[in-house]
Each structure stands twice: as structure tokens, then as C-alpha cells.
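Residue numbering for the sequence shown follows our numbering, starting at 2 and increasing by one per position.
What follows is a set of notes on a single structure, which appears directly below.
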Amino acid sequence: MPVRLRHLFRELSGRNDQVLAGLILDQLSTAEDGVALASALADGELPPDIARSRISEIEHEGDTRRGLLVAQLHRSVSSPIDREDLFRLSRSVDDVLDAVRDFIREADLFALGDEDAFRPVLAALTRGVGELGDAVRLLPRAPRQAAERALHAKKQGLRTAYQHAVSALLARPLTAETLKTTLLLWRLDAAGMHLATAADALADGVVKRFQ
């Protein structure tokens, strides 16, 4: 069968939706690796310089996987949700990883101190990324359920954990260490905002396609 006919058959059969969802999942897997690395750093299981070296490798892998998705989108006629929303979902997942990368790099530069401040925020981020992954798995076969699951990814308490951590810091005397910790917490909050944007992209795409 000619290549073009194979591609057309795959798209008409719905196989292409599964391929695109799988490529998003590959991206999310890389983001999960980044968050796990940040958690290991915050738990004192990994020296900051080693974590910084490792996150560069993970970021490179994430860029490669995003490139594969973009290439597949260019070749595709169909997609599980509108192409713009799928592209926004992919870009936002990439932004999550970028924010985690910045957290790890700056933790090394700042000589990470108050690890306890980061653990609840990272735990919420871990749950959120996992929930979004579950949503993407549902997307090809149960899009409305996928949209509901995506919204759960936004409700894992990350912003609340961030606010509590910052409030506790501001109750202390202002020092260079508290400023550093606040800046690092902001990086994790940014990751949470990008995760929320990714979840919205998936949910919006489902509403526009299936309303």
C-alpha cells in the first residue's frame, strides 16, 4: 500500500488520534521525569549539581519529543481535538518542564536551603501532571471524560501549597535565604500555571469539537 494511502487509512480509522495522544504522553513522561528530579533534589536525595546536569538531558529529550509531535501534526489531516488546541497543550507541557528546569538550575545557583518549603508544592505538581496524563490517555476514546479529568489536574492544591509556603516565609525575618526560597517557589508556581494552561487547552479543544 502506498505511503499516502497508509496515512489516510490510519487517519480514517482513528489510529492517528492514538498516535498524537501517545506523542503528548511522551512529552508528559518527560515532564514527570523533570518533576521527579526536582522532588529528589528537594528531598536531599540528589546533589544540586548532579540534578542540574540531569535536567539538561531531560530537557533535550523533551524538545525532541515535542518536535516529533509537531512533525506528526504537520502530516496529519485529523486530530483528536483542534490542531491549535493540541499544539497549545503540547507547548504548555513543554513550559512546565522549562519552569522545573529553571527551579533546578536556580536551586544549584542559590545553594538550595529550606527544602521543606518545596515538598508540598512539588507533591501537588506531581499529582497534577499525573492527572493530565490520565486525561490524555482518555482523549482518543472518551473525549468528554478526558476533559473532566483534565480539569482535575488543575485542582491538586498546588496554588494553595505555594501560598501557604510563601506566607510561612514572609512570617520570618527577611534574609537572603528567604528571598532565594521565595524565588524558587515562584518557579514551581509558574510550572503549576503552565499545567493549568495545558489542562484548559485539552478541555477547550474537547468542547469545541464535541459540543
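Ideal Cβ placement from N, Cα and C applies to all residues, glycine included.
Counting of Cβ neighbours within 10 angstroms places Val137 among the buried residues, the total reaching 16 or more. One alpha carbon belongs to Arg210, the other to Ala143, and they sit about 13 Å apart.
Annotation: the stretch 150–207 contains the following complete segments of the alpha helix (DSSP H) (minimum length 4 residues), in chain order: 159–171.
When DSSP states are grouped into helix, strand and coil, Glu116 belongs to the helix group. With three or more CB-CB distances shorter than 8 Å, the stretch 115–133 counts as touching the stretch 183–200.
Assigned with DSSP and collapsed to three states, Gly68 falls in helix. DSSP places Ile82 in the coil class of the three-state scheme, outside both helix and strand. Linking Pro174 to Ala43 through their CA atoms gives a straight-line distance of about 22 Å.
Distances from the alpha-carbon of Leu186 to those of Ala166, Met194, Asp201, Leu152 put Ala166 closest.
Shortest Cα-Cα distance from Ala148 to any of Ala202, Ala41, Arg16 involves Ala202. Our two residues, Ala118 and Thr182, have alpha carbons roughly 8 Å apart in a direct line.
Using a 10 angstroms sphere on the CB of Asp86, the tally of other CB atoms reaches 16 or more, which defines it as buried.
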